[in-house]
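Position 2, counted from 1, in the sequence shown is what my numbering calls 14; the numbers after and before it change by one each time, with no gaps.
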Amino acid sequence: MADHESPADPGEQGGPGLPGGGLARSLVEAYVYLDLAAGPGGGRAAEHAVLSEEEDGWRVTLDDAEVVVPYVAEAEARREDLTFGSGISELIDPGQWVLIATTYARRALEAALFFAADPSSDERYMGIVADWRFAADAVGEALKFVPDDADALPEAWFWTESGREAHEREPARFTRVRMESDLAYYRAALDDFVRLHAGADDRP
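So this is what it looks like as structure tokens:
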């Protein structure tokens, strides 16, 4: 099972035509989806998920929620080094992806403050690197939903309650320019952190 870090933001189950479960593009996306499906207070719930192997893929189950990850999809994600998988998510809407990105970025910033005081922990270093990468990759997932000829995400793409609420509260967060700016910021933050802390201790 692939290692993963999961945000604590709540969400709802299902995507278009997939109430309560469906296909994930990678094991990481499956675990993030189950964390969202657990609802408020269910952060990291996917750590308790049950993973089973079936003929064509893994089935990941947590209470009443489950998601299937085809072996071919996970293989492609690993081959292409894609955190959440190729294509567009059927499980997590773009509003949720932006919220997920914000969660990872906030966690990276907070952890970096403690790390600056004591930069000796390789585990904490790798956690911060992973959080910045996941923040960038998550907002990249939201950008995948923007049509080539559009400047913002269409309202119809927000199919979960939390995604719709996020869009209604702050629609400017879901313009192409804003999301590309967030993506550039997260990538720069990751590069800066690695440049400052990787070399001195020969960290990976």
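Think of the CB as a built atom: it goes at the ideal place given N, C-alpha and C, for glycine as much as any other residue.
What does the alpha-carbon distance come out to for the pair residue i and residue j?
i: D203; j: A210; result: 10 Å
i: T95; j: D149; result: 7 Å
i: E86; j: V40; result: 9 Å
i: A50; j: F146; result: 20 Å
i: D143; j: Y137; result: 10 Å
i: D134; j: F127; result: 10 Å
i: P183; j: E67; result: 42 Å
i: L103; j: A168; result: 15 Å
i: P131; j: G139; result: 12 Å
i: A77; j: G97; result: 20 Å
i: G23; j: V151; result: Any reading at G23 needs caution, since the residue's pLDDT is 37, under 50, leaving its predicted position unreliable; the model's value is listed next. Cα to Cα, the separation comes out at about 16 Å.
i: L35; j: E92; result: 19 Å
For residue i, count the other beta carbons within 10 Å of its own beta carbon; 16 or more makes it buried, fewer makes it exposed. Which is it?
i: Y198; result: buried
i: G32; result: Any reading at G32 needs caution, since the residue's pLDDT is 41, under 50, leaving its predicted position unreliable; the model's value is listed next. Label assigned to G32: exposed.
i: G99; result: exposed
i: E65; result: exposed
i: F170; result: buried
i: Y43; result: buried
i: L208; result: exposed
i: A120; result: buried
i: L125; result: exposed
i: G45; result: Note that residue 45 corresponds to Tyr in the displayed sequence, not to Gly. So Y45 ends up on the buried side.
i: R185; result: buried
i: V84; result: exposed
Based on the DSSP secondary-structure assignment, which residues constitute the bridge partners of residue i?
i: S64; result: R71
i: H84; result: For the sequence presented, residue 84 should be read as Val rather than His. Paired residues: none, contrary to the question.
i: V79; result: V72
Compare the Cα-Cα distances from residue i to each of the options and report the closest residue.
i: D194; options: E177, A50 and Y116; result: Y116
i: A178; options: L111, D134 and A196; result: L111
i: S38; options: S101, E66 and L48; result: S101
i: T73; options: E59, Y83, V158 and A129; result: E59
i: E180; options: K156, L121, R90 and G107; result: G107
i: D160; options: R71, F205, V189 and R90; result: V189
i: V81; options: R90, W70, R91 and L125; result: W70
i: V158; options: V79, R176 and T187; result: T187
i: D75; options: A61, E88 and V84; result: A61
i: E153; options: A162, D105, A164 and R90; result: D105
i: T172; options: A36, G97, K156 and W109; result: W109
i: E192; options: G175, L155 and R176; result: L155
Practice task
Entirely within the region 130-209 and at least 4 residues each: give me those alpha helix (DSSP H) ranges in chain order.
Solution key: 134-155, 173-181 and 188-209
Handout entry: Whole runs of the beta strand (DSSP E) within the region 85-109, excluding any shorter than 3 residues
Key = none
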